[in-house]
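Scroll down for the structure; my scribbles are underneath it.
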Amino acid sequence: MECLIGLQFNDFILLAADGNAGRSIIFMKTDVDKVYHLSDKLALAVSGDFGDAVSFAEFILQNMQLYKLRNGYDMTPDEAAHFTRHQLAESLRTQVITIIYHNYVI
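Following numbering that gives the first Met the number 0, the numbering of the sequence shown begins with 0 at its first residue and continues without gaps.
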């Protein structure tokens, strides 16, 4: 039920997201901003469970700000993409290990 669109042109990129936050057929909010501005040249569009998507986007945003404070410059788009993919993959592996561990204990 959610939609994110990204179009790449020669000089710019266009990101668009719907403003709905809901579950199943019930909309809880219709004015949600799902596009996060990470820096002057970087933006992140998120979708999924509202709480998880917001917390993940804020986690990425805060870590990129920390990177800028430590190093004095922003991440490049390639570095930001790698960092984001790495965090998603690590989170998925951690959850799978936790599920397997809980199944083993039971």
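All residues carry an ideal CB built from backbone N, CA and C; glycine is no exception.
When burial is assigned at 16 or more other CB atoms within 10 Å of the CB, is residue i buried or exposed?
i: L65; result: exposed
i: A80; result: exposed
i: N9; result: exposed
i: L41; result: buried
Taking residue i as part of the beta strand (DSSP E), name the residues at either end of that continuous run.
i: L3; result: L3 to Q7
i: V34; result: V34 to H36
Taking DSSP as the reference, what is the three-state secondary structure of residue i?
i: R69; result: helix
i: L41; result: coil
Whole angstroms is fine: what's the gap from residue i's alpha carbon to residue j's?
i: E78; j: H85; result: 10 angstroms
i: N19; j: L43; result: 17 angstroms
Please tell me whether residue i and residue j are closer than 7 angstroms, where the distance is taken between their beta carbons.
i: D73; j: S46; result: no
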